[in-house]
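Enquirer:
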Amino acid sequence: MVLEPNMNVLLSTQWEMKTMPDLQSLIDSLPFYVIIVNEDHEIVLANKAVEQKLNVELRDIIGKYCPKVIHGSDGPVHFCPLEASAAHNKPIEFEYFEPSMTSWISSAIYPIEGMVAKNKRLFFHMVQDIDQRKRTEAELLQTVKRLDKVIHSTVKAITKTVEKRDPYTSGHQQRVSRLGEEIAKLMGLSDEQVAGIVVAGLVHDIGKIAVPLEILSKPGKINVYEYHLIKDHSETGYDILKEIEFPWPVAEIVLQHHERMDGSGYPRGLKGNEIIQEARVLSVADVVEAMSSHRPYRQAFGMEFALNEIKKNKGIMYDPDAVEACLEVIQKGFYFA
């Protein structure tokens, strides 16, 4: 077949070329399968990779019906991209499993603007075996799942360690984690940020393991010395967690969860955006759960009291977006089990 190329398409006026590269040689140099077909599925050109794969001579397939040659089909196969590409005059790219090759295939077809054969539009069809890539991706996914399981098992072990010593702290952490997750989702934070908040919530008070139990469970008010011992728990938690290579900034979230937007928090007195977003979310969840729940040293203030606290200090002590999201989460029916 004679190709009738539009030379303005094939050659750039910015380059001086004495000879036009041979198209057959060009596609033969490509390591994947290349077939140039017309809109009626007739093979116009193919490269040596196709010849080797099908174990045929190229001259024997030129002009033949592509679905018959490639798939042994008398009509277009259901995943053939040519029909859609021809109908919309646009590239079509996708991946699929080819049973006859027992491999995953990347298939892409592109309309060739300005090139025709016997007045029929031509399409550049590229097919690549991506089975090894797919296998590698599957193996990586399994590895990620195993690592995720290990991480969450580690977090559960840490949580249980706290629970054995202080059931109030453990239950608090789980509830804060749940509320923090819902707030983060409603705020539209990324999946990575949400996951980090969930994990940090489950261990954010791990530092209280260094606080004497008689202080944590002391009925009535605590003195200044005892208060400072309790305040140290965020830094202690950071020291415990910083050596664990979480895929999220868990240790930093734990360190900052008592920081406040106006700088009145601890341990660093950070302000505004100096506090990472995950910690700003967790601090709201922490305050709401702590105020609405019973503690050994006081009765629960109740949810209404807790919500009034964050509303009153929205934008002052607490991140305004996190506060609004928390109020909406509670309004939608969230409750601590």
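With the working numbering applied, the sequence shown corresponds to residues 1130 to 1466, in that order.
We put the beta carbon where it would ideally sit given N, CA and C, even for glycine.
Specify whether the stretch 1151-1171 and the stretch 1239-1250 touch according to this definition: at least 3 beta carbon pairs, one from each stretch, less than 8 Å apart.
Expert: Output reads yes: the stretch 1239-1250 touches the stretch 1151-1171.
Enquirer: Less than 6 Å between C-beta atoms, sequence neighbours within five positions excluded: which residues of the same chain meet that for E1224?
Expert: The residue you call residue 1224 lines up with position 95 of the sequence shown. Excluding sequence neighbours, E1224 sits near S1235.
Enquirer: Of all the options L1345, R1304, A1178, G1317, which has the alpha carbon lying nearest to the alpha carbon of G1330?
Expert: Position 201 of the sequence shown, counting from 1, holds the residue named residue 1330. When each option's Cα is compared against that of G1330, the closest is R1304.
Enquirer: Are the CB atoms of F1252 and S1202 nearer to each other than 8 Å?
Expert: Position 123 of the sequence shown, counting from 1, holds the residue named residue 1252. Position 73 of the sequence shown, counting from 1, holds the residue named residue 1202. Their beta carbons are not under 8 Å apart, which means F1252 does not touch S1202 by this criterion.
Enquirer: List in chain order: all unbroken alpha helix (DSSP H) runs of 4+ residues lying wholly within the stretch 1151-1215.
Expert: Qualifying alpha helix (DSSP H) stretches, in chain order: 1152-1157, 1177-1183, 1195-1200.
Enquirer: Of all the alpha helix (DSSP H) runs that stay within the bounds of the stretch 1364-1447, which reach a length of 4 or more residues?
Expert: Correct list: 1379-1385, 1406-1421, 1432-1441.
Enquirer: Could you check where the alpha helix (DSSP H) with K1249 kicks off and where it finishes?
Expert: If you number the sequence shown from 1, residue 1249 lands on position 120. Per DSSP, K1249 belongs to no alpha helix (DSSP H); it is in the beta strand (DSSP E), 1249-1258.
Enquirer: Alpha carbon to alpha carbon, how far is V1340 from D1448? Give it in angstroms, no decimals.
Expert: Within the sequence shown, the letter at position 319 stands for residue 1448. Within the sequence shown, the letter at position 211 stands for residue 1340. The straight-line gap from Cα to Cα measures roughly 29 Å.
Enquirer: Rounded to whole angstroms, what's the CA-CA distance from F1430 to L1436? Just pull it up for me.
Expert: Indexing the sequence shown from 1 puts residue 1430 at position 301. Indexing the sequence shown from 1 puts residue 1436 at position 307. Those two C-alpha atoms are separated by around 10 Å.
Enquirer: Quick one: residues in its chain with C-beta nearer than 8 Å to the C-beta of R1188, no 5 flanking neighbours on either side, listed in chain order?
Expert: Here residue 1188 refers to the residue found at position 59 of the sequence shown. Closer than 8 Å at the Cβ level, and outside the excluded window around R1188, lies no residue.
Enquirer: Taking the beta carbon of R1264 as the centre, do at least 16 other beta carbons fall within 10 Å, making it buried, or is it exposed?
Expert: Reading the sequence shown from its first residue, position 135 is the one you call residue 1264. Its Cβ having fewer than 16 others within 10 Å, R1264 is exposed.
Enquirer: Which residues does DSSP pair with E1224 in a beta bridge?
Expert: By 1-based counting over the sequence shown, the position of residue 1224 is 95. According to DSSP, which records beta bridges pairwise, E1224 is partnered with S1235.
Enquirer: With a threshold of 16 other CB atoms inside 10 Å of the CB of Q1257, please say whether the residue is buried or exposed.
Expert: Here residue 1257 refers to the residue found at position 128 of the sequence shown. Under this definition Q1257 is a buried residue.
Enquirer: Sorted by chain position, which residues of the same chain lie with C-beta nearer than 6 Å to K1193's C-beta, five sequence neighbours on each side aside?
Expert: Along the sequence shown, one-based indexing puts residue 1193 at 64. Closer than 6 Å at the Cβ level, and outside the excluded window around K1193, lie I1172.
Enquirer: Got a sec? Which residues, its chain only, sit under 8 Å from F1161 by beta carbon, not counting five neighbours each side?
Expert: Locating residue 1161 in the sequence shown gives position 32, where the first residue counts as 1. Here the set comprises A1178, M1255, V1256, Q1257, D1258.
Enquirer: Should the stretch 1288-1297 be regarded as contacting the stretch 1370-1388, the criterion being three or more beta carbon pairs within less than 8 Å?
Expert: Short answer: they don't touch.
Enquirer: Could you tell me whether any Cβ in chain B is nearer than 8 Å to the Cβ of G1349?
Expert: Reference to chain B is not applicable here, since this structure consists of a single protein chain.
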